[in-house]
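Student:
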Amino acid sequence: MIQHIIKQVLLRNNVDTPLHDYSDVEILVSRVTAYSKEGVMIPEELLDTVMQKASEFALAPHKQIGLLSLSQKTRVHDSDDMLKIAQFTVELFRTEWPDSDYAEELTDEALLGEEGRRDAFSKFLSLADSWQRKKALVDVLHCWPPTRSSEARSLHCTYVHHLLADRRDQAEKLMLIKLLLQRPVLAEEEVKWLADNVAPESVINAIWVVLLSKSENFKDNILNLALQHKNHEVDDDLIKELLDNGMFIKLVPCPLYSAFVNYIITKEAAGDDAAARQYTVDWAIGELTGANYLAEAGHLKLTSAGVPASLRGFSQAVACGLAESARTCAYSKDILED
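Residue numbers (the working numbering): 963 to 1300.
(1) Please report how far the alpha carbon of Ala1098 lies from the alpha carbon of Leu1030, in whole angstroms.
(2) Select from Leu1074, Glu1152, Ala1082, Cys1105 the residue whose C-alpha is nearest the C-alpha of Glu1067.
(3) From Val1214, Gly1233, Arg993, pick the residue whose C-alpha is nearest to that of Ala1257; which is it?
(4) Nearest CA to the CA of Gln954: which residue from Ala1048, Arg1130, Ile1227?
(5) What's the C-alpha gap between Thr995 and Leu1032?
(6) Please specify which runs of the alpha helix (DSSP H), each continuous and at least 4 residues long, are wholly inside the segment 1203-1265, giving them in chain order.
(7) Going by the DSSP bridge assignment, what does Ser1116 pair with across the sheet?
(8) Do you know offhand how far Phe1222's Cα is from Leu1087's?
(9) Taking the alpha carbon of Ile1139 as the point to measure from, which residue in Lys1154, Glu1076, Ser985, Ile1169 has its own alpha carbon closest?
(10) Hey, could you find the ends of the alpha helix (DSSP H) Asp1070 is sitting in?
(11) Just to confirm, are Leu1156 and Glu1203 a CB contact at a threshold of 9 Å?
(12) If you draw a straight line from the C-alpha of Ser1092 to the C-alpha of Val1243, how long is it?
(13) Taking only three categories from DSSP, how would you classify Asp1061?
(14) Might you give, ordered along the chain, the residues of its own chain that have their beta carbon closer than 7 Å to the beta carbon of Tyr1225, omitting 5 neighbours on each side?
(15) Going by other Cβ atoms of all chains shown within 10 Å of its Cβ, with 16 needed for buried, is Gln1094 buried or exposed?
(16) Helix, strand or coil for Asn1186? Go by DSSP, reduced to three states.
(17) If we ignore side chains and look at the alpha-carbon of each, how far apart do Ile1211 and Tyr1219 end up?
(18) Do you know how far the Cα of Tyr1255 is from the Cα of Met1013?
(19) Check the C-beta distance from Lys1025 over to Glu1077 and give it rounded, since I have them as a contact under 8 Å.
(20) Helix, strand or coil for Asp1091, going by three-state DSSP, please let me know.
(21) What's the C-alpha gap between Glu1134 and Ala1065?
(22) Is the segment 1137-1154 touching the segment 1185-1192 in the sense that three or more CB pairs, one from each, lie closer than 8 Å?
(23) Which same chain residues, not among the five before or five after Lys1176, have their C-beta less than 8 Å away from its C-beta?
(24) Give me, in chain order, the residues of the same chain whose beta-carbon lies closer than 6 Å to that of Glu1301; leave out the 5 immediate sequence neighbours on both sides.
(25) How far does the alpha helix (DSSP H) with Ser1017 in it reach, from first residue to last?
(26) Check whether the Cβ atoms of Cys1105 and Ile1166 lie closer than 9 Å to each other.
(27) Please report the straight-line C-alpha distance between Ser1111 and Thr1057, rounded to a whole angstrom.
Okay, structure coming up:
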């Protein structure tokens, strides 16, 4: 049933409509890839069918290897699978780097071994100067079997470190990181090494790396990174992801806390999505109070009520004073009654 529905969505047409030419197959492959990026789970049987069509119509190698990268079966590599992946990889490298002598001389057999894959990746990483070339390396790593760098780290880790070290165009780097870590592939020690060796400009992207890696000590790693955060822009997707992973209270002492507050107040005021219903001001005040962050809870209550910043400290002091007076009166009453 799921496969039938996805076929209808992908083809936007009669499910039995035949694919007549290269263009039809290219459109189908683009839709499969797009829906997968949106989180739709494409059944392996359907992926196999699409890959057969892509092969039949001799679709461009980077399109075919992109399809292969979506398959869960690429985690298990028999000799036939690996040979096909090696062939597609060589074709992809030659397509993306048509003027490279290294690509022209690269053979399928060289990529069957770990050393050959490591050398090829290192070479083309140094030559990846466009989005398409960088994306090609992501697709290649998704298809290759686990391959280690000369420092015994995975090539996934090597690529992530390369992206974090490049301080230009952080938005593009984040897109590549999200594509690269669609499945958690980094070892715990690799995540920690990446988090401990990041440039200040890449802190936000490093937080994404930790979140996407689902590592055991991710909360501590994120806290350490968040303490380094200065004035970098934080988008709503990251705030929502941090909230979903239970990081609200953990990050109260960090500069990121103000982004949480702004997000919660803004979303509640808009009131038009699930986040507004799930993470309300009352919810946040309850969490802060429960964690004994009473000053922050009071400040948030005043902020959400629209009390001007110049009066919040005074209002909060008065509120705290009244609360203390009430406690004193209650205590005195108990003494007198005894």
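Quick reminder that beta carbons are idealized off the backbone N, C-alpha and C, glycines included.
Tutor: Working from what's here:
(1) Each residue's alpha carbon lies about 12 Å from the other.
(2) Selected option, being the one with the closest Cα: Ala1082.
(3) Ala1257 has its Cα closest to that of Val1214, out of Val1214, Gly1233, Arg993.
(4) Coverage of the chain is limited to positions 963 through 1300, which leaves residue 954 absent and any answer about it impossible.
(5) Those two C-alpha atoms are separated by around 8 Å.
(6) Note on the segment 1203-1265: whole alpha helix (DSSP H) runs with a minimum of 4 residues are 1219-1232, 1236-1240, 1243-1252, in chain order.
(7) According to DSSP, Ser1116 bridges with Arg1110.
(8) Rounded to the nearest angstrom, the two C-alpha atoms are 36 Å apart.
(9) Among Lys1154, Glu1076, Ser985, Ile1169, the Cα nearest to that of Ile1139 is on Ile1169.
(10) Boundaries cannot be given for Asp1070, as no alpha helix (DSSP H) includes it and DSSP labels it neither H nor E.
(11) The Cβ atoms of Leu1156 and Glu1203 lie no closer than 9 Å to each other.
(12) Separation of Ser1092 and Val1243 (C-alpha to C-alpha, rounded to the nearest whole angstrom) is 43 Å.
(13) In the three-state scheme derived from DSSP, where H, G and I count as helix and E and B as strand, Asp1061 is classed as coil.
(14) Residues of the same chain with a CB within less than 7 Å of the CB of Tyr1225, apart from the 5 flanking positions on each side, are Asp1198, Ile1201 in chain order.
(15) Exposed.
(16) The three-state secondary structure of Asn1186, taken from DSSP, is helix.
(17) Tyr1219 has its alpha-carbon roughly 9 Å from the corresponding atom of Ile1211.
(18) Using only the alpha carbons, I get a separation of about 55 Å.
(19) Contact between Lys1025 and Glu1077 is ruled out by a C-beta separation of about 28 Å, above the 8 Å threshold.
(20) Coil, per DSSP.
(21) Cα to Cα, Glu1134 sits roughly 25 Å from Ala1065.
(22) Proximity of the segment 1185-1192 to the segment 1137-1154 falls short of the contact definition, fewer than three beta-carbon pairs being nearer than 8 Å.
(23) Excluding sequence neighbours, Lys1176 sits near Pro1146.
(24) There is no way to answer for residue 1301, as the model of the chain reaches only from 963 to 1300.
(25) It spans 1006-1018 - the alpha helix (DSSP H) in which Ser1017 sits, taken as one unbroken run.
(26) No. Outside cutoff.
(27) The alpha-carbon atoms of Ser1111 and Thr1057 are separated by roughly 25 Å.
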